[in-house]
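Trainee: Numbering (this note's numbering), first residue to last: 1 to 203. My questions will all concern the structure given below.
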């Protein structure tokens, strides 16, 4: 960006008494789309009214693509992490096999014992999802305030820190993805628990 006077800019470009664009800053809380429609109707078809997103469509398209790819990568990482949940639950079943047999001898049926292990897996997924979301929100807020992640030299970018924003729809999408993937990973626990319960009955 080069900030110079309008007269000097017109002199350098050879456009006396002309301007290629006029930037308007709206008040906070203004409906941008409504303001654009009103300006377009006021100026007529000879003028083009664009907001910041329309002016830099390629840049925002790259940001959206980067966001989508990051979402896919983190979803795959989440799928891999779900195997840890299954593994920990299997180890819990092995450890509690005698306790499951004791519960059975006290009158608990197989469905009840199976439900205990499944509920354990659901609680692990739910606590992990909520705590992860809280930590993520805290990290975004800290980045907005302090800018821990830098973009490099201050002279090469408009802003020094990596820009982030907190959006409700993104939080809902992330929480839904984590819960769905986690709960799907818990589903195989039922047949596995059934097998361990049968083994404990034999013992």
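C-beta atoms are modelled at their ideal positions from N, C-alpha and C, and glycine is treated no differently. Given the structure is predicted, the values throughout are model-derived calculations rather than measurements.
(1) I'd like the span of the alpha helix (DSSP H) that includes residue 33, first residue to last.
(2) Please state the DSSP three-state secondary structure of residue 150.
(3) Less than 7 Å between C-beta atoms, sequence neighbours within five positions excluded: which residues of the same chain meet that for residue 121?
(4) Taking the alpha-carbon of residue 179 as reference, which of 24, 81 and 53 has the nearest alpha-carbon?
(5) Give the straight-line distance between the Cα atoms of residue 143 and residue 192, rounded to the nearest whole angstrom.
(6) For the candidate residues 161, 126, 34 and 160, whose alpha-carbon lies nearest to that of residue 50?
(7) So, at 8 Å on beta carbons, what are the nonlocal neighbours of residue 123 in its own chain, with the 5 sequence-adjacent residues on each side left out?
(8) Are there 16 or more other CB atoms within 10 angstroms of the CB of residue 105, so buried, or fewer, so exposed?
(9) Output needed for residue 140: all residues of its chain with C-beta closer than 7 Å, excluding positions within five of it in sequence on either side, in chain order.
(10) To the nearest whole angstrom, what separates the beta carbons of residue 112 and residue 177, a pair I think is in contact under 8 Å?
(11) For residue 61 and residue 173, what's the separation of their Cα atoms in angstroms?
(12) Please report whether the beta-carbon of residue 56 lies at a distance below 8 Å from any beta-carbon of chain C.
(13) Under three-state DSSP, which class holds residue 139?
(14) By the 10 Å Cβ neighbour count, where 16 or more other Cβ atoms means buried, how is residue 100 classified, buried or exposed?
(15) Kindly list the residues whose CB is nearer than 7 Å to the CB of residue 133, restricted to its own chain and excluding five residues on each side of it in sequence; keep chain order.
Mentor: By the coordinates alone:
(1) 32-43
(2) strand
(3) 85, 89, 186 and 189
(4) 81
(5) 43 Å
(6) 34
(7) none
(8) exposed
(9) 164 and 166
(10) So it is not a contact: roughly 31 Å between Cβ atoms.
(11) 20 Å
(12) No chain C is present in this structure, which holds just one protein chain.
(13) helix
(14) buried
(15) 171, 174 and 175
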